[in-house]
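**Q** Have a look at this one before I ask anything.
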Amino acid sequence: MLLRYYNGDDNFTGVFEAGHGATSVPAAEHSTITSWADVSEDADYKEYEAAEYNAFRNMIKQYMPSFAISLVSDGFNIWNAITRLWPSTVVPPDGGDSMRSMLTSRLNAFQLTLIRPDSGEGVETLPQLLTVLLGALPEHFDDKLLPLTTVFPAGDEYEQKYNAVVDKIRAKLNMSSGNPFRRFKGQQMRILQGDGVALDTVGDMLSSLLANGFCANSVHFGSGGGLLQKLNRDSLAVAFKCCAMYVGGKTFPVGKDPIAGGKKSYGGDPPVIRDAKGVLRNRGEYDAAGNMVRGNPKTYDEFMNGVPGDELVKVFENGQVVSEQTFKEIQGRAKITKESIVSAMKKAVDNLSLKTDFMQKMSSDEAIAIRLSEASCGSKWKQAHPTHLAELQATFPQYQAAFGKIGITTAMDSVQVLEHIKANHVCDKKAKSKVFRALEDDEPDEAIAAMAGKYVITM
Numbered sequence: 000m001l002l003r004y005y006n007g008d009d010n011f012t013g014v015f016e017a018g019h020g021a022t023s024v025p026a027a028e029h030s031t032i033t034s035w036a037d038v039s040e041d042a043d044y045k046e047y048e049a050a051e052y053n054a055f056r057n058m059i060k061q062y063m064p065s066f067a068i069s070l071v072s073d074g075f076n077i078w079n080a081i082t083r084l085w086p087s088t089v090v091p092p093d094g095g096d097s098m099r100s101m102l103t104s105r106l107n108a109f110q111l112t113l114i115r116p117d118s119g120e121g122v123e124t125l126p127q128l129l130t131v132l133l134g135a136l137p138e139h140f141d142d143k144l145l146p147l148t149t150v151f152p153a154g155d156e157y158e159q160k161y162n163a164v165v166d167k168i169r170a171k172l173n174m175s176s177g178n179p180f181r182r183f184k185g186q187q188m189r190i191l192q193g194d195g196v197a198l199d200t201v202g203d204m205l206s207s208l209l210a211n212g213f214c215a216n217s218v219h220f221g222s223g224g225g226l227l228q229k230l231n232r233d234s235l236a237v238a239f240k241c242c243a244m245y246v247g248g249k250t251f252p253v254g255k256d257p258i259a260g261g262k263k264s265y266g267g268d269p270p271v272i273r274d275a276k277g278v279l280r281n282r283g284e285y286d287a288a289g290n291m292v293r294g295n296p297k298t299y300d301e302f303m304n305g306v307p308g309d310e311l312v313k314v315f316e317n318g319q320v321v322s323e324q325t326f327k328e329i330q331g332r333a334k335i336t337k338e339s340i341v342s343a344m345k346k347a348v349d350n351l352s353l354k355t356d357f358m359q360k361m362s363s364d365e366a367i368a369i370r371l372s373e374a375s376c377g378s379k380w381k382q383a384h385p386t387h388l389a390e391l392q393a394t395f396p397q398y399q400a401a402f403g404k405i406g407i408t409t410a411m412d413s414v415q416v417l418e419h420i421k422a423n424h425v426c427d428k429k430a431k432s433k434v435f436r437a438l439e440d441d442e443p444d445e446a447i448a449a450m451a452g453k454y455v456i457t458m
């Protein structure tokens with residue numbers, strides 16, 4: 000009902016823009032998929048997988064008219080889901096369309112289909128998921144990439160640094176020139192990453208995408224637990240403190256400056272002024288690096304009568320909202336400036352330049368062969384049964400040598416495959432912690448060392 004209302008005629012402006020600035024799409028939750036399967040230990044593994052496949056098909060079928068559909072796919076085995084179920088051309092005995100044919104119909108209708116993993120570490124799994132999807136659903140990827148545009152002007156100190164990073168990414172893909180950043184056609188398929196998304200993790204996830212030759216818009220970042228629950232007043236340096244007293248026509252600044260350091264507060268009530276570059280700053284004197292060297296807080300008269308250009312407006316007083324604002328107005332005030340974009344691009348280049356060697360290990364041939372081996376264990380991977388390895392080796396012949404290197408064979412059953420991977424190729428819990436701690440500390444060489452020759456960090 001909500002979806003029909005939001006997507007109805009004239010409601011985009013009336014509800015989306017003028018209202019709260021959000022809408023909704025049909026999105027599967029884990030139980031809406033896993034409830035289709037008999038999860039008892041002795042359930043038939045073929046029927047188990049067929050049930051998951053039909054759950055996927057049903058979700059797409061029921062909401063086929065919707066512009067966007069989000070389908071959580073890691074209820075059992077994300078690697079099996081994206082290599083064998085999403086691309087499947089199997090039409091069940093009771094009829095209907097195959098998963099692949101419905102995805103093709105959505106592609107041709109310019110609709111958006113979101114694949115949602117909800118486990119693993121995004122820095123590692125995102126480029127792996129995209130690498131596998133490129134082989135499993137190649138028709139959904141753009142085969143005519145536009146030339147790269149100029150990012151930094153000629154002579155800029157970052158021009159050479161950026162070009163060096165792009166050349167390293169091209170080398171990873173055996174390219175000598177051209178655009179190495181692969182993407183979905185019309186952005187009509189994306190991975191929806193919500194797990195592990197937080198202010199301090201998105202940068203490395205994006206770096207890993209780019210380092211492995213995928214466009215940033217291949218992933219749609221959602222608000223997982225990190226953005227919902229791990230935000231506090233320190234996340235964006237927000238605090239409410241008494242900063243001034245106005246008594247008897249006089250101003251008395253209030254502040255603190257502990258000898259231990261780190262918690263000095265501004266003394267005085269500052270007007271917030273938007274400068275010529277569009278940046279909001281407390282009124283005062285600043286050095287060339289943008290650091291305040293001297294504050295200029297409000298006088299008593301200014302406190303009583305206001306300051307021209309002060310962006311701080313009273314919106315709440317004594318339990319009452321005194322100034323209503325729409326989400327669109329807030330968006331307008333928070334517009335990103337050109338200077339902030341350039342600063343962010345430079346930071347991204349610095350991060351890529353530092354971490355590309357580590358990030359590119361995420362999609363090594365051996366790492367992808369391990370993910371395909373996991374996929375071969377099917378939906379009911381804990382139950383011992385023949386694998387689908389031969390089928391996947393035929394679909395992904397470029398990894399044949401890597402399968403030999405990691406010691407996975409078609410003679411192994413599903414349990415043997417996973418035991419072999421865990422015993423020989425995956426970092427243990429302690430090593431995993433060291434890897435990501437080193438990466439967070441901008442020490443990629445230490446992160447590589449912590450992997451100790453393992454091909455993947457997590458299952």
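Going letter by letter, the sequence shown gives residues 0 to 458 in my numbering.
Where is the CB? At the ideal position from N, CA and C, for every residue including glycine.
Confirm, please, whether the CB-CB distance from residue 54 to residue 47 is below 7 Å.
**A** Not in contact: residue 47 and residue 54 (Cβ atoms no closer than 7 Å).
**Q** Use the C-beta contact count for residue 376: other C-beta atoms within 10 angstroms, 16 or more gives buried, fewer gives exposed.
**A** buried
**Q** Grouping DSSP H, G and I as helix and E and B as strand, with all else coil, what is residue 449?
**A** helix
**Q** How would you label residue 3, buried or exposed, when you count the other beta carbons within 10 angstroms and need 16 or more for buried?
**A** In this prediction, residue 3 has a pLDDT of 46, which is less than 50 and means its spatial position is unreliable; what the coordinates show is noted afterwards. With fewer than 16 other Cβ atoms within 10 Å, it is exposed.
**Q** Considering residue 236, what are the terminal residues of the beta strand (DSSP E) in which it resides?
**A** Note, residue 236: premise wrong, no beta strand (DSSP E); not H, not E.
**Q** Take every Cβ of the region 179 to 191, pair it with every Cβ of the region 105 to 118, and state whether three or more of those distances are shorter than 8 Å.
**A** yes
**Q** Would you kindly work out how many angstroms separate the C-alpha atoms of residue 121 and residue 132, rounded to a whole number?
**A** 15 Å
**Q** Going by C-alpha to C-alpha distance, which of 390, 85, 253 sits closest to residue 263?
**A** Checking every option, the nearest Cα to that of residue 263 belongs to 253.
**Q** How many angstroms separate the CA atom of residue 280 from the CA atom of residue 309?
**A** 10 Å
**Q** For the alpha helix (DSSP H) that residue 373 lies in, which residues bound it at each end?
**A** Element bounds for residue 373: 364 to 374.
**Q** Helix, strand or coil for residue 219? Go by DSSP, reduced to three states.
**A** strand
**Q** Bridge partners of residue 69, per DSSP?
**A** Paired residues: 26, 113.
**Q** CA-CA distance, residue 56 and residue 138?
**A** 19 Å
**Q** So, helix, strand or coil for residue 121, using DSSP?
**A** helix
**Q** Report the three-state DSSP secondary structure of residue 319 (helix, strand or coil).
**A** strand
**Q** For residue 204, count the other beta carbons within 10 Å of its own beta carbon; 16 or more makes it buried, fewer makes it exposed. Which is it?
**A** buried
**Q** Any idea which residues DSSP pairs residue 294 with across the strands?
**A** 283
**Q** Under the rule that 16 or more other beta-carbon atoms within 10 Å means buried, what is residue 86, buried or exposed?
**A** Burial call: buried.
**Q** Just confirm the distance between the C-beta atoms of residue 401 and residue 349, as a whole number of angstroms; I'd bet it's less than 8 Å.
**A** Not confirmed; about 32 Å, so no contact.
**Q** Note down the Cα distance separating residue 24 from residue 246, rounded to an integer number of angstroms.
**A** 55 Å
**Q** What would DSSP say about residue 408, mapped onto helix, strand or coil?
**A** coil
**Q** Three or more beta-carbon pairs under 8 Å between the region 164 to 173 and the region 306 to 321, yes or no?
**A** With the cut-off at 8 Å, the region 164 to 173 and the region 306 to 321 do not touch.
**Q** State yes or no: is the beta carbon of residue 359 nearer than 7 Å to at least one beta carbon in chain B?
**A** In the displayed structure, chain B is absent; only one protein chain is listed.
**Q** Do the CB positions of residue 352 and residue 126 come within less than 7 Å of each other?
**A** Not in contact: residue 352 and residue 126 (Cβ atoms no closer than 7 Å).
**Q** Exposed or buried, residue 213, counting other C-beta atoms within 10 Å across all chains shown (16 or more means buried)?
**A** buried
**Q** Have a look at the DSSP bridge pairing and note the partners of residue 273.
**A** 279
**Q** Report the option in 97, 52, 209, 242 whose CA atom is closest to the CA atom of residue 379.
**A** 52
**Q** Just how far apart, CA to CA, sit residue 155 and residue 337?
**A** 16 Å
**Q** Is the beta carbon of residue 207 less than 7 Å from the beta carbon of residue 344?
**A** no
**Q** Is the CB-CB distance between residue 196 and residue 225 below 7 Å?
**A** Going by C-beta atoms, residue 196 is nearer than 7 Å to residue 225.
**Q** Kindly identify the DSSP beta-bridge partner or partners of residue 252.
**A** 243
**Q** Can you tell me where the alpha helix (DSSP H) with residue 415 in it begins and where it stops?
**A** Its alpha helix (DSSP H) spans residues 413 to 423.
**Q** For residue 222, which residues of its own chain have a beta-carbon under 8 Å away from its beta-carbon, when the five flanking residues on both sides are left out?
**A** Closer than 8 Å at the Cβ level, and outside the excluded window around residue 222, lie 193, 196.
**Q** Below 6 Å CB to CB, which residues in the same chain sit around residue 77 once its five sequence neighbours on both sides are set aside?
**A** 116
**Q** Rounded to the nearest angstrom, what separates residue 165 and residue 341 at their Cα positions?
**A** 17 Å
**Q** If you draw a straight line from the C-alpha of residue 388 to the C-alpha of residue 432, how long is it?
**A** 31 Å
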